[in-house]
Amino acid sequence: VEIFKEYLSINGIDKNAETELLKFLEWAEPYEDDFALDVRIILVSTDFSREITTSVLWLNDRDLDIRCIRYIPYKHNNQILVEVQQIIPLPEVENYQIKIRQQTVARRESRESSRDLTRYIFKGVEYNKRKLVLAVVQDWVKENNPKNINELTDAFPQDISSYKVFKKESEAIDIFDRTGIVRHFLGQNEIIVFPDSSRYALSNQWGLREILAFLDRARSLGCEITERD
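Here it is as structure tokens:
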């Protein structure tokens, strides 16, 4: 109300801000708890950059409701004519896009519900599955001081994970540079350094099948790991 009141004052419009807003919302009285439950954003411009349209399409896929309206002014004799076009979503495909968006949301919710959120306890500390793998491997390295990668993979074979458990640090960084996806633990305190100065990164890609195989292997090495109740 205060913002609209300021707008009316700046533009010299002699109207009551609260009354006008209630009239626009078709409310008899203020219902603050009901305000903005259903939000729609409308962007209006003579043109939209590729960055804007790409962002709008991405946000709409994330269940927002954003529309882009383009207006093109024309001058005819002494009149100004304005052509108004809705460019996102295109009217002829709007219903189709709504159905696709609903399917995408359903798939996303399905993935969320099936995601493995198990927590594990190792040496008195609680971890998610990724951090558990890192903690167990780092603890084993500290206790056993492997001389090279072969000694490490004797303990934790590469085929525990379909993605391979270890990669040279340079290869792991190259994967990140090419894809923009962090598939390995690359922190300075997370890289495994051997006496011959070779450096290896541990995979952080651990699905349900992989983590079960890792747990079996770690327990066979004497690691005590329990699932949180």
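Residue numbers for the sequence shown follow our numbering, beginning at 149 and rising by one. Here a beta-carbon is modelled for each residue, glycine too, at the ideal position from N, C-alpha and C. Nothing here was measured: the structure is a model prediction, and the numbers come from that model.
Quick one: what's got a C-beta closer than 6 Å to residue 374's C-beta in the same chain, skipping five residues either side? To locate residue 374, count along the sequence shown from 1; it is residue 226. So the qualifying residues of the chain are 269.
Supposed contact pair residue 189 and residue 162 - C-beta distance, whole angstroms, cut 8 Å: Reading the sequence shown from its first residue, position 14 is the one you call residue 162. Reading the sequence shown from its first residue, position 41 is the one you call residue 189. Their Cβ separation, rounded to whole angstroms, is 30 Å, which puts residue 162 and residue 189 out of contact at 8 Å.
Hey, how far is the Cα of residue 283 from the Cα of residue 351? On the sequence shown, position 135 is the one that residue 283 refers to. On the sequence shown, position 203 is the one that residue 351 refers to. Here the alpha carbon of residue 283 sits roughly 13 Å from the alpha carbon of residue 351.
Given that a residue counts as buried once 16 or more other Cβ atoms are within 10 Å of its Cβ, and exposed if not, what is residue 222? As a working note, residue 222 is residue 74 in the sequence shown. The Cβ neighbour count for residue 222, taken over all protein chains shown within 10 Å, is under 16; the residue is labelled exposed.
Between the beta-carbon of residue 342 and the beta-carbon of residue 334, is there less than 8 Å? Locating residue 342 in the sequence shown gives position 194, counting from the first residue. Locating residue 334 in the sequence shown gives position 186, counting from the first residue. Cβ atoms of residue 342 and residue 334: not closer than 8 Å.
Using alpha carbons as the reference points, say which of 215, 301, 346 and 330 lies closest to residue 369. Here residue 369 corresponds to residue number 221 of the sequence shown, with the count starting at 1. For the options 215, 301, 346 and 330, the alpha carbon positioned closest to that of residue 369 is the one of 301.
By DSSP, does residue 158 sit in helix, in strand, or in coil? Position 10 of the sequence shown, counted from the start, is the residue given in the question as residue 158. In this structure, residue 158 counts as helix in the three-state DSSP scheme.
For the beta strand (DSSP E) containing residue 227, name the first residue and the last one. As a position in the sequence shown, residue 227 is number 79, starting the count at 1. According to the DSSP assignment, residue 227 belongs to the beta strand (DSSP E) that extends over 227-236.
Distance, Cα to Cα, residue 361 vs residue 294? Locating residue 361 in the sequence shown gives position 213, where the first residue counts as 1. Locating residue 294 in the sequence shown gives position 146, where the first residue counts as 1. If you take the alpha carbons of residue 361 and residue 294, they lie about 22 Å apart.
According to DSSP, simplified to helix, strand and coil, what is residue 212? The count along the sequence shown starts at 1 and reaches residue 212 at position 64. Here residue 212 sits in coil by DSSP.
Are the CB atoms of residue 348 and residue 315 within a distance shorter than 8 Å? For the purposes of this step, residue 315 is identified with residue 167 of the sequence shown, where counting begins at 1. For the purposes of this step, residue 348 is identified with residue 200 of the sequence shown, where counting begins at 1. In this structure, residue 348 lies closer than 8 Å to residue 315 by Cβ.
Since residue 215 and residue 236 should fall inside the 8 Å C-beta cutoff, what is the C-beta to C-beta distance between them, to a whole number of angstroms? Residue mapping note: residue 215 aligns to position 67 of the sequence shown, counting from 1. Residue mapping note: residue 236 aligns to position 88 of the sequence shown, counting from 1. Your pair residue 215 and residue 236 checks out as a contact, with CB atoms roughly 6 Å apart and the cut at 8 Å.
Would you report the Cα separation of residue 332 and residue 376, rounded to the nearest angstrom? Residue 332 sits at position 184 when you count from the first residue of the sequence shown. Residue 376 sits at position 228 when you count from the first residue of the sequence shown. Cα atoms of residue 332 and residue 376: separation of roughly 25 Å, rounded to the nearest angstrom.
Which same chain residues, not among the five before or five after residue 260, have their C-beta less than 7 Å away from its C-beta? For the purposes of this step, residue 260 is taken as residue 112 along the sequence shown, with counting starting at 1. Legend: pLDDT at residue 260 = 47, less than 50; position of this residue unreliable, no value from coordinates given.
6 Å CB neighbourhood of residue 296 in its chain, flanking five on each side removed: Against the sequence shown, residue 296 aligns to sequence position 148. Only residues of its own chain outside the window of five on either side were considered, and among them 342 have a CB closer than 6 Å to the CB of residue 296, listed in chain order.
Rounded to whole angstroms, what's the CA-CA distance from residue 353 to residue 311? Just pull it up for me. Locating residue 353 in the sequence shown gives position 205, counting from the first residue. Locating residue 311 in the sequence shown gives position 163, counting from the first residue. In this structure, the straight-line span from the alpha carbon of residue 353 to that of residue 311 is close to 7 Å.
Quick check: residue 359 and residue 277, are their CB atoms within less than 8 Å of each other? Within the sequence shown, the letter at position 211 stands for residue 359. Within the sequence shown, the letter at position 129 stands for residue 277. Yes, they are a contact pair.
Unbroken alpha helix (DSSP H) runs of length 4 or more, entirely within the stretch 297-345: which are they? Counting whole runs of 4 or more residues, the stretch 297-345 contains the alpha helix (DSSP H) stretches 297-303 and 317-327.
Coarse secondary structure for residue 270, derived from DSSP in three states: Walking along the sequence shown from the start, residue 270 turns up at place 122. Looking at residue 270 - three-state DSSP - the assignment turns out to be strand.
Identify whether residue 202 lies in helix, strand or coil by the three-state DSSP scheme. What you label residue 202 is simply residue 54 of the sequence shown in a count that begins at 1. Helix, per DSSP.
Who are the Cβ neighbours of residue 193 in its own chain at under 6 Å, not counting the five residues just before and after it? Numbered from its first residue, the sequence shown carries residue 193 at position 45. Hits under 6 Å: none found.
Using the beta-carbon count (16 or more within 10 Å), is residue 356 buried or exposed? Start at 1 with the first residue of the sequence shown, and residue 356 comes out as number 208. Residue 356 comes out exposed.
So, residue 232 versus residue 219, is the Cβ gap smaller than 8 Å? Here residue 232 refers to the residue found at position 84 when the sequence shown is read from its first residue. Here residue 219 refers to the residue found at position 71 when the sequence shown is read from its first residue. Cβ atoms of residue 232 and residue 219: closer than 8 Å.
Which stretch, first to last residue, makes up the alpha helix (DSSP H) that contains residue 167? Mapped onto the sequence shown, residue 167 falls at position 19. Annotation: the continuous alpha helix (DSSP H) that includes residue 167 extends over 165-173.
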